[in-house]
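Chemist: Chains as they are written, first to last, in the numbering used here: chain E, 3 to 235; chain X, 7 to 415.
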Amino acid sequence: MSDEINEKRRTFVKGLLGLSILSAIAGVGTISAYIGTSPPGTKLQYPRVKVANINELISLQQKGLPAVIPFCYPLTSEPNILVKIGKPVKDGVGPDQDIVAFSRVCQHLGCTIACLPNYPSDKCNSGYYVEIGPPYAPEKFNNVMFCPCHGSVYDLTDDAKVVSGPAPRPVPRVLLEYDNTTGDIYAVGMVGPVILGRGPPGLTGTNLTENLIPGMFGGTVVDSNTVRNCGST
Amino acid sequence: MSNIISKIADWLDERIGLTKNWLRPIPEYGFNFTYWFGAIAFINFLILVVTGILLAFYYTPSAQPNPEGIPLAYASTKYIDTQVPLGWLLRTLHLYAAYGMIISAFLHLVRNYITGAYKRPRELMWVVGLLMGFAMLGSAFTGYLLPYNQISFYATVVGYNLALSIPGVGTFLGYLIAGSGTQDIVQRFFLLHIYLMPGILLILLGIKLYMFENHGLHDPMRDVKKSFIKLYNWFPRGVYFVGVLFLIDLSILLIFASLFPNDLGAPYNPNNPPVVEILPEWYFYWVYELIRVQYPTSLLSWLSSLGIANPAAVFPLILVFIAVLYLFFLPAIDRGKEVHPKRRFWTIVIGAIMFGEVIMLSFIPWLFQNGFITLDTMANLVVMVVSLLLVDILMIGIVTIIFAYKKWL
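1. Answer with buried or exposed for A62 (chain X), where buried requires no fewer than 16 other C-beta atoms within 10 angstroms of its C-beta.
2. DSSP on T114 (chain E), reduced to helix/strand/coil?
3. What is the DSSP secondary structure of L285 (chain X), counted as helix, strand or coil?
4. Please state if the CB of T83 (chain X) and the CB of P153 (chain X) are separated by a distance shorter than 9 angstroms.
5. Given a cut-off of 9 angstroms on the beta-carbon distance, is the pair Y166 (chain X) and G144 (chain X) in contact?
6. In angstroms with no decimal places, state the Cα-to-Cα distance between L136 (chain X) and I200 (chain X).
7. Would you decide whether F169 (chain X) is buried or exposed? Buried here means 16 or more other CB atoms lie within 10 Å of its CB.
8. Could you tell me the boundaries of the beta strand (DSSP E) in which V164 (chain E) lies?
9. Counting C-beta neighbours from all protein chains within 10 Å, is the total for I86 (chain X) 16 or more, i.e. buried, or is it exposed?
10. Let me confirm a value: R21 (chain X) is counted as buried when at least 16 other C-beta atoms fall within 10 Å, else exposed. Which label applies?
11. The beta strand (DSSP E) with E179 (chain E) in it runs from where to where?
12. Could you pull out every residue in the same chain whose Cβ sits closer than 8 angstroms to the Cβ of I101 (chain E), ignoring the five residues on either side in sequence?
13. Opposite L86 (chain E) in the DSSP bridges: which residues?
14. Mind checking who D157 (chain E) pairs with in its DSSP beta bridge?
15. Along the stretch 330-350 of chain X, what residues have a CB closer than 8 angstroms to any CB found in chain E?
16. Please confirm whether M131 (chain X) and A47 (chain X) have their CB atoms less than 9 angstroms apart.
17. Would you kindly check if the distance between the Cβ of V155 (chain E) and the Cβ of V165 (chain E) is under 9 angstroms?
18. Who are the neighbours of A54 (chain E) on chain X, taking C-beta pairs under 9 angstroms?
19. With three or more C-beta pairs closer than 8 angstroms as the rule, is the stretch 357-371 of chain X touching the stretch 388-398 of chain X?
20. Considering only their Cβ atoms, is the gap separating D398 (chain X) from I370 (chain X) smaller than 9 angstroms?
21. Alpha carbons only, please: which of X:E295, X:F196, X:Q193, X:V320 is nearest the one belonging to L306 (chain X)?
22. For the alpha helix (DSSP H) that A169 (chain E) lies in, which residues bound it at each end?
23. Counting only C-beta atoms, is T406 (chain X) closer than 9 angstroms to chain E at any point?
24. Checking the sheet assignment: what are the DSSP bridge partners for M192 (chain E)?
25. How long is the line joining the alpha carbons of N220 (chain X) and G23 (chain X), rounded to whole angstroms?
26. Between G191 (chain E) and chain X, is there a C-beta pair that is closer than 9 angstroms?
27. DSSP state of L214 (chain E), grouped into three classes?
28. Taking 6 angstroms as the limit between beta carbons, can you name the residues of its chain near I71 (chain E), skipping five residues before and five after?
29. Tell me which residue opens and which closes the alpha helix (DSSP H) that P297 (chain X) is part of.
30. In angstroms, rounded to a whole number, what distance separates the CA positions of V405 (chain X) and E287 (chain X)?
31. Does A141 (chain X) come out as helix, strand or coil in the three-state DSSP assignment?
32. Given 8 angstroms as the limit, is there contact between the stretch 252-263 of chain X and the stretch 96-106 of chain X, that is, 3 or more CB pairs closer than that?
33. Using alpha carbons as the reference points, say which of X:I172, X:A104, X:L387, X:F195 lies closest to A263 (chain X).
34. Just to make sure I have the definition right: I need the residues of chain E whose C-beta is within less than 9 angstroms of the C-beta of P317 (chain X). Which are they?
35. Use the C-beta contact count for Q279 (chain E): other C-beta atoms within 10 angstroms, 16 or more gives buried, fewer gives exposed.
36. Could you check where the alpha helix (DSSP H) with K13 (chain X) kicks off and where it finishes?
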């Protein structure tokens, strides 16, 4: 064989190289779809479900317990609380305008808000942190939610305003409807940013019915059976 | 008989080349355990691989509930702890070997920072070493979720949301590591923990060892004429040395693991809210401390105006990122020929401040256990800033005294 360079072969090999680079670039798109860079599934609608009857909240109050009922909404993986505060509050429903519901997903970094074990057990008996304030100043706050991860405190009487801690914004509020004839309380939607870690972060707006997308916690849209019984997702 | 053995040995030697000096000989000053922190990290890595494989015999990476309604990941970990003979020891050993690896890797970093081991021609070894540190921490973070108890689950939620908060790549990163739903996150974290992160770590180790074989140990701090340094082959003295380090390391881990077995805690269950204060592992305490304080509103709203969705999470990440950038670019910043710490005042001062701050930040959550229970979050910021300033002054003072006192070092 001679040492001559076969230009034709060279061009052919270069062409092959170019083609393989192109297909590699095309492959990146396919792979990113495969690992789920865009959330899977279709966008969902907020359901209208009955959460509780007002008599349940009243009977809790009569027993001397915090009038708090945990429920999931809009997905089975997203915890909220329904609270009867005892005095009229902004956007409160019911005969006393004092029933509100908020997400329990902290807006700082997505922890589930709950009670801490070193609280007096009678203050913690429903498992949520509403009747008294955070441990460093229980007398200072009332009707607040307290996050056990980094200590954010939300004021339930003031549209879940952040009163202490690193949370950047209030937790989303569940839109409630109160049926005057039966006393049933319905959840119909949510106001506030899409819940951190359980949907695209940083999305804001009031009408989020188009943007309900399962995040890390997965879950399915609640119905009347799962709204109060929603653990096993 | 001995004839047969020597024949077998010769046969093997001809093919493998054991008696050839295929590893660079070790200079005499290298037989000092402070030169071996990297090797100790690797020893811990080997213990992690062995114990990890044994744990994987029984562990089920699944969030699905068993017939009793307990997630399989937790139930199988519980099974290891209670049913597998000495399973509790195995799991604690795996955990403590990870601690050992993190501690020795950190000491390796500190030592090479002080001795200027990142200087020409070892700049890329430093960079690769830092990357290995991140792969190691990634492996530790993904492993924390796997027992699927409350504290590990919610700590992972925090880490996941921190990743989501990173502007630009956050959403991609979030879906990449966690997918959608708890089943996805357990499965992907298991994959990251047992294949991807250790795999990256091993590849980087190969690259680093290749460079190490080219450059050898860096020179000792004391001036020694190179021609006078005695050299030893890896076999037998180096092998014996590593063997002794391995035995000491394993003994320490076994003693601690048998005296203080790790408690599994309560299983994660979305129905039950967390009943514990959620903390990361101690090696992430310094990040945790930076995250939980309440930064001035004006600062956060300025960051918001730049389009950052979760400034309260992004600002502490920026602080960490600056420190990390400094470490990566250190070989480019401190380019002088001097390796002796006494002739590198500013590098040592900055290093001492960073070291002191990381230790202090890690110490605050431990000092104020249930930190926000004793302190208002605004007070947390004051405590943090004041203690960091005190540490800075202390560190500058210590370094200045050492530099002023000629006889030291």
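All C-beta atoms in this analysis are idealised placements derived from N, C-alpha and C, irrespective of residue type, glycine included.
From a predicted model like this one, the values you see are computed outputs, not experimental measurements.
Modeler: Reading from the atomic positions:
1. exposed
2. strand
3. coil
4. yes
5. no
6. 20 angstroms
7. For clarity, residue 169 (chain X) is Ala in the given sequence; the question names Phe instead. Counting Cβ neighbours within 10 Å, A169 (chain X) comes out buried, since at least 16 surround it.
8. 163-166
9. buried
10. exposed
11. 175-180
12. In its chain, beyond the 5 residues on either side, I56, L59, L84, V85, K86, I87, G94, V95, L178, Y180, I187 have a beta carbon closer than 8 angstroms to the beta carbon of I101 (chain E).
13. The amino acid occupying residue 86 (chain E) in the given sequence is Lys; Leu does not appear at that position. According to DSSP, which records beta bridges pairwise, K86 (chain E) is partnered with E:I101.
14. E:V146, E:K163
15. Answer in chain order: no residues at all.
16. Contact: no.
17. Taking 9 angstroms as the Cβ cut-off, V165 (chain E) and V155 (chain E) qualify as a contacting pair.
18. Here the premise fails: no neighbours, minimum Cβ distance about 17 angstroms.
19. yes
20. No, the Cβ-Cβ distance between I370 (chain X) and D398 (chain X) is not below 9 angstroms.
21. X:V320
22. No alpha helix (DSSP H) contains A169 (chain E), which DSSP labels as neither H nor E.
23. Any Cβ of chain E closer than 9 angstroms to the Cβ of T406 (chain X) would place that residue at the interface, and such an atom is absent.
24. E:V176
25. 19 angstroms
26. no
27. Low per-residue confidence applies at L214 (chain E): pLDDT is 46, beneath 50, and the placement is therefore not dependable, though the value from the model is reported in the following sentence. Strand, per DSSP.
28. Within the same chain, I71 (chain E) has close Cβ partners A54, L84.
29. The sequence as given places Ile at residue 297 (chain X); Pro does not occur at that position. Here the alpha helix (DSSP H) through I297 (chain X) covers 291-298.
30. Taking the straight line joining both Cα atoms gives about 30 angstroms.
31. Here A141 (chain X) sits in helix by DSSP.
32. yes
33. Comparing C-alpha distances from A263 (chain X) to each of X:I172, X:A104, X:L387, X:F195 shows the shortest one belongs to X:A104.
34. P170
35. Here chain E has residues from 3 to 235 only, and residue 279 (chain E) is not among them.
36. 8-22
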